[in-house]
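Chemist: Using this note's numbering, the letters of the sequence shown correspond one by one to residues 13 to 243. By construction, the Cβ of each residue, glycine as well, lies at the ideal position given by its N, Cα and C atoms.
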Amino acid sequence: MDWDDWRIFLGVARGGGLSKAAPGLRMDPATVGRRIARLEARLGTALFLKGPQGYALTEAGARLLPHAEAAEEAVRLATEEGRGAAEGLTGQLRIGAPDGCANYLLPQVAARIRSANPGLEIQILALPRMVSLSRREADMAIMVTPPDSGRLTVQKIADYHLHLAQRRDAPPVRSLADLKGRPVVGYIPDMIFDRALDTLEEAGLETAALASNAVPVQIMLLRQGGCRGGA
13 MDWDDWRIFL
23 GVARGGGLSK
33 AAPGLRMDPA
43 TVGRRIARLE
53 ARLGTALFLK
63 GPQGYALTEA
73 GARLLPHAEA
83 AEEAVRLATE
93 EGRGAAEGLT
103 GQLRIGAPDG
113 CANYLLPQVA
123 ARIRSANPGL
133 EIQILALPRM
143 VSLSRREADM
153 AIMVTPPDSG
163 RLTVQKIADY
173 HLHLAQRRDA
183 PPVRSLADLK
193 GRPVVGYIPD
203 MIFDRALDTL
213 EEAGLETAAL
223 ASNAVPVQIM
233 LLRQGGCRGG
243 A
């Protein structure tokens, strides 16, 4: 049986539907549906039930899920072993990260990794939200706060610091008290995907006078003058 059919099965099981699974599988929803139907025909049993909320595993599908996940891990390990260290990394690697990291830190790192591994294709996914690894939106993700659920391998990369930035011609700021009543640039409060990034609230400051959910936009707003921003 074609392993690719099981890869598609896992994608639909994790995504909960054809349309949600399709991007991670690099297929259109109709193709995903045909492949699921082919797998069910070969097995002689239904793997999913379609309902208002999407696709749910049948009892047979739920029994097969852990076996498919084990096979997926075995294929991954075998592939890595077969490549060999001398050949370097090959294939496609999609990295999800908050847009500040994706815009200003990852490009230089990705360029060095790609230079050392010519066979590797690197994609940087800049998102103003948490990326879903279980739905295969990315192969790995850089996060501010580590996830507290899911079957994921988590490793700390580094500590980082946030700093206040302002125009050079603005009055100096020596303490948080100097910011009271002054306009600031920051995130849109109800669109902050990780509360660790809500620096204004933590500092006891008012809502940002100019706000965006994208760091590059915040920087452009800051350059227009009249405000200060955290970075």
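Within 8 Å (strictly less), CB to CB, does Ala49 reach chain C?
Modeler: Although the question refers to chain C, the structure presented lacks it and comprises just one protein chain.
Chemist: Rounded to a whole number of angstroms, what is the C-alpha to C-alpha distance between Asp160 and Val185?
Modeler: Spanning the two alpha carbons is a distance of roughly 37 Å.
Chemist: Among Pro78, Ala150, Arg88, Ala72, which one has its Cα closest to the Cα of Leu59?
Modeler: Out of Pro78, Ala150, Arg88, Ala72, Ala72 has the C-alpha closest to the C-alpha of Leu59.
Chemist: Out of Glu84, Val166, Gly56, Gly63, which one is the CA nearest neighbour of Leu30?
Modeler: Here the closest residue by C-alpha is Gly63.
Chemist: Rounded to whole angstroms, what's the CA-CA distance from Leu164 to Leu145? Just pull it up for me.
Modeler: Distance between the alpha carbons of Leu164 and Leu145: 8 Å.
Chemist: Among the candidates Pro41, Phe21, Met232, Ala80, whose CA atom is the shortest distance from the CA of Glu52?
Modeler: Looking at the Cα atoms, Phe21 is the closest of the given residues.
Chemist: Roughly how many angstroms lie between the CA atoms of Tyr172 and Pro110, to the nearest whole one?
Modeler: Looking at the two C-alpha atoms, the distance is approximately 14 Å.
Chemist: Compute the distance between the beta-carbons of Gln230 and Val197, then report whether it is under 8 Å.
Modeler: The answer is yes: Cβ separation under 8 Å.
Chemist: Let me check one thing: in DSSP terms, what residues is Pro110 bridge-paired to?
Modeler: The partner list for Pro110 (beta bridge, DSSP) reads Leu139.
Chemist: Threshold first: 3 residues or longer. Then list the beta strand (DSSP E) segments lying entirely within the stretch 153 to 236, N to C.
Modeler: Those beta strand (DSSP E) runs which fall completely within the stretch 153 to 236 and span 3+ residues are 176 to 178, 196 to 198.
Chemist: Which class does Gln104 belong to by DSSP, given the choice of helix, strand or coil?
Modeler: In the structure shown, Gln104 sits in a strand (DSSP, three-state: E or B).
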